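Undergrad:
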Amino acid sequence: MCSAPPKGALVRSLSQYLEERCELAPTLPTTTERRVADYGRYLDRVRGLCAGTIKMHAATITGFLRFLDHDVRPQQLRELRAADVEAFVARAGGQVGRRRMGQVTVALRTFLRFLAATGEGPAGLDAQVESPRIYRSERLPRALAWETVRTFLRSIDRTTSKGRRDYAMFVLVATYGLRASEVRALDLDDLWARLGAAVCASTAYFRRSQETENPAALVTAHYMLGTVLVYLGEIGSAREHYAQGIALSDTHRDLALPDGRDPGVACRAQMARVLWLCGYPEQAIEVSETAQEAAQGHPHDLAFAFFLDMLVRQFRREIGLTEQRAERLKELADDHRLPHYRAWAGILHGWARAASEPTGGIAEMRENLAAYERLGNELSRPHFLALLAEALGAAGRGEEGLAAIGEAFESVERTNERYYEAELHRLNGELLLPRSASDQQQAEAEACFHRALDVARRQQAKSFELRAATSLARLWLRQGRGADARTVLASVYDRFTEGFELADLGDAKALLDEATGPN
């Protein structure tokens with residue numbers, strides 16, 4: 052005998068049947084529902100948030116509007132006071148934990164800014180909403196402190212084949228959380244360079260996570276694979292993994308990466324870099340700002356979000372903002388003893404400083420590159436050496452710049468880190484091209500620009516493709532090949548849909564205008 056369906060389901064089915072037969076007027080949305088729907092469209096179309104995040108925002112704002120009795124007094128939003136906001140925050144704080152309360156405050160601040168921007172509410176109220184402080188020490192540690200791990204790794208004698216084997220195994224275990232059985236199953240033939248080993252480890256972890264359907268393991272696997280793929284130059288694939296990681300972290304709010312970081316912050320911060328590489332500089336900033344908002348109160352998360360935002364600002368050639376972000380990151384790194392972030396901030400600060408003070412800026416970059424190398428980490432070294440080469444070239448020290456590019460290429464071949472490879476080829480061409488370049492130098496530079504274009508296209512790095520096309524078009528214009536310059540540059544420029552006020556797109560537009568004129 053079949054059990055009867057729940058009463059609520061029967062009512063819904065009957066209502067739908069009567070509505071379809073036009074025998075019952077459909078239920079009209081309330082004022083609150085319409086307001087939340089409008090706000091959801093804004094988050095989707097303007098902020099570009101994913102469905103899970105929009106759902107979280109909608110739940111918070113629905114509660115806020117009901118607290119204000121918005122259906123009865125819709126005009127109250129225009130007369131909203133700080134006391135109203137504080138009262139809602141106080142009530143919510145008594146109902147949810149501090150981690151959930153952090154999400155509530157982020158959603159509320161965003162909504163208040165939305166109201167102010169649309170003229171539907173007073174400005175400045177968002178500043179009244181403070182995020183609760185949450186300390187990592189409130190929970191049991193999820194892993195050994197990284198300094199403890201590094202001390203152990205340094206104790207391994209890598210002068211012997213056995214020591215190198217042990218070191219490789221423990222690095223995989225410490226970094227990727229592999230089980231002993233998974234390490235035993237690895238074949239040395241599968242481990243190619245350092246990032247190749249990371250792909251092998253990340254893929255094994257990802258497959259196991261899919262089998263267990265454990266959200267915490269899956270979000271870690273997506274983040275791991277996304278990050279490894281970025282550095283390998285597989286930009287499109289990395290974007291997919293970060294998107295999956297963001298969706299999972301939005302759905303399961305209590306997840307954390309093995310080092311304790313918030314996966315939503317980590318994936319969004321990395322997604323900002325990927326979006327710029329893919330040719331979406333404005334969306335990159337939107338996502339980066341969301342990551343920084345969510346990271347408030349967590350020093351490690353905030354340092355990571357600041358670092359990636361600083362990189363995006365440097366990508367966008369925003370010298371003043373890069374310097375500002377670097378100074379903020381230096382302060383945070385000093386306060387919380389984060390030496391890697393301190394070195395990264397110093398390198399980028401030196402790059403920005405070199406624009407107005409070449410000697411001091413270059414010296415600062417070299418000093419912090421050396422500090423970073425002493426920490427035993429080579430990640431992003433090709434990128435940082437490229438920035439040093441760029442600063443040296445701008446200071447008229449082209450030979451030193453070419454030497455830095457040579458070091459960067461050696462690092463690429465040693466580690467397989469390739470996401471900045473297109474820029475290395477382009478900068479190599481620029482440094483080979485002095486104002487009085489010979490025909491041979493011009494030919495060598497042109498070959499570098501073509502290689503840069505090929506790498507950028509293969510990696511789906513549209514922003515680097517634009518830079519390579521701009522350098523090539525500039526050379527061809529110099530040689531009187533205006534039609535060729537216009538063709539190669541327009542084929543990239545015309546695919547951009549945003550960021551036209553930025554320097555890269557401005558330079559490309561100026562060259563296109565020049566190439567369109569008489570040659």
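Numbered per the numbering used here, the sequence shown spans residues 52 to 570.
From the three backbone atoms N, C-alpha and C, an ideal C-beta is built for every residue, glycine too.
These figures come from a predicted structure and were not determined experimentally.
#1: State the start and end residues of the unbroken alpha helix (DSSP H) segment that holds Q295.
#2: Going by CA-CA distance only, name the one from A268, H292 and L269 that's closest to V279.
#3: Is M416 near L439, with beta carbons less than 7 Å apart?
#4: Need the endpoints of the alpha helix (DSSP H) that R368 sits in, please.
#5: I'd like the ranges of any alpha helix (DSSP H) spanning at least 4 consecutive residues and lying wholly in the stretch 453-519.
#6: Once the 5 residues before and after F115 are set aside, which same chain residues still bring their CB inside 8 Å of it?
#7: Is L362 near R393, with beta carbons less than 7 Å apart?
#8: Take L562 and list the residues in its own chain whose beta-carbon comes closer than 8 Å to its own, dropping the five residues that flank it on each side.
#9: Please return the same chain residues whose Cβ sits closer than 6 Å to the Cβ of H273, not counting the five positions on each side in sequence.
#10: Would you kindly report the start and end of the unbroken alpha helix (DSSP H) that includes G277?
#11: Here's a check: name, in chain order, each residue in its chain whose Cβ is nearer than 6 Å to the Cβ of K560, leaving out the five neighbours to either side.
#12: Around the Cβ of D555, are there at least 16 other Cβ atoms within 10 angstroms (buried) or fewer (exposed)?
#13: Alpha carbon to alpha carbon, how far is V155 from T111? Give it in angstroms, no decimals.
#14: Along the chain, which unbroken stretches of the alpha helix (DSSP H) at least 4 residues long are found entirely within the stretch 362-449?
#15: Can you name, in chain order, every residue of its own chain whose Cβ lies under 6 Å from the Cβ of R205, other than the five neighbours on each side?
#16: Have a look at L191 and I413 and give me their C-alpha separation to the nearest angstrom.
#17: Are the stretch 171-181 and the stretch 126-138 touching, with three or more C-beta to C-beta distances below 8 Å?
#18: Assuming contact is defined by CB atoms lying nearer than 7 Å, are R367 and L553 in contact in what I supplied?
#19: I need the DSSP call for G172, collapsed to helix, strand or coil.
#20: Return yes when the Cβ of L484 is within less than 7 Å of the Cβ of A496, no when it is not.
#21: With DSSP as the reference, label A307 as helix, strand or coil.
#22: From A446, A437, L100 and E424, pick the residue whose C-alpha is nearest to that of G411; which is it?
#23: Using the three-state DSSP reduction, which class does F551 fall into: helix, strand or coil?
#24: Among residues of its own chain, excluding the 5 on either side of R376, which ones have a beta-carbon nearer than 7 Å to its beta-carbon?
#25: Per DSSP, what kind of secondary structure is D564 in: helix, strand or coil?
#26: Going straight from the alpha carbon of L276 to that of A298, what length do you get?
#27: If you draw a straight line from the C-alpha of S542 to the C-alpha of E451, how long is it?
#28: Do Q334 and L326 have their C-beta atoms closer together than 7 Å?
#29: Looking only at C-alpha atoms, which of K106, E418, S489 and Y282 sits nearest to Y470?
#30: Less than 7 Å between the C-beta atoms of P350 and H387, yes or no?
#31: For G531, which option in R546, T548 and E565 has the closest C-alpha, if you only look at C-alpha atoms?
#32: Is G533 helix, strand or coil when you go by DSSP?
#33: For the candidate residues T548, L128 and A437, whose alpha-carbon lies nearest to that of P332?
#34: DSSP state of Q347, grouped into three classes?
#35: Answer with buried or exposed for R92, where buried requires no fewer than 16 other C-beta atoms within 10 angstroms of its C-beta.
TA: In brief:
#1: Counted as a single uninterrupted DSSP element, the alpha helix (DSSP H) harbouring Q295 occupies residues I286 to T302.
#2: Minimum Cα distance to V279 is reached at H292.
#3: Closer than 7 Å, so yes.
#4: Under the DSSP assignment, R368 falls outside any alpha helix (DSSP H); it carries neither an H nor an E label.
#5: For the stretch 453-519, whole alpha helix (DSSP H) runs of length 4 or above, ordered along the chain, are 472-482 and 490-510.
#6: The beta carbon of F115 lies closer than 8 Å to those of F139, L159 and F162 in the same chain, with the five residues before and after it left out.
#7: A distance of 7 Å or more separates the beta carbons of L362 and R393.
#8: Here the set comprises T521, A524, R525, L528, A536 and L540.
#9: Result list for H273: H292, Q295 and G296, in chain order.
#10: It spans P266 to L283 - the alpha helix (DSSP H) in which G277 sits, taken as one unbroken run.
#11: None.
#12: Label assigned to D555: buried.
#13: T111 and V155: Cα-Cα distance of roughly 6 Å.
#14: List check, alpha helix (DSSP H) in window: 370-387, 390-405, 409-425 and 432-445.
#15: Cβ-Cβ distances below 6 Å link R205 to nothing in the same chain once the five nearest sequence neighbours on each side are left out.
#16: Unreliable positioning characterises L191 in this predicted model, as indicated by a pLDDT of 45, which lies under 50. A coordinate reading is not provided.
#17: Judged by pairs of C-beta atoms under 8 Å, the stretch 171-181 touches the stretch 126-138, as three or more such pairs exist.
#18: Yes, the pair counts as a contact, with Cβ atoms nearer than the cut-off.
#19: G172: coil per DSSP, three-state reduction.
#20: Contact: yes.
#21: If DSSP states are grouped into helix, strand and coil, A307 belongs with coil.
#22: G411 has its Cα closest to that of A446, out of A446, A437, L100 and E424.
#23: The answer is coil: DSSP assigns F551 none of H, G, I, E or B.
#24: Answer for R376: F357, D360, M361 and R364, listed in chain order.
#25: For D564, the three-state secondary structure derived from DSSP is helix.
#26: Looking at the backbone, the Cα of L276 and that of A298 are separated by about 15 Å.
#27: Between S542 and E451, the C-alpha separation is close to 34 Å.
#28: Taking 7 Å as the Cβ cut-off, Q334 and L326 qualify as a contacting pair.
#29: The residue with the shortest Cα to Cα distance from Y470 is Y282.
#30: In this structure, H387 lies closer than 7 Å to P350 by Cβ.
#31: For the set R546, T548 and E565, the Cα lying nearest the Cα of G531 is the one of E565.
#32: In the structure shown, the three-state DSSP call for G533 is helix.
#33: By alpha-carbon distance to P332, the top candidate from T548, L128 and A437 is T548.
#34: Looking at Q347 - three-state DSSP - the assignment turns out to be coil, as it is neither helix nor strand.
#35: Its Cβ having fewer than 16 others within 10 Å, R92 is exposed.
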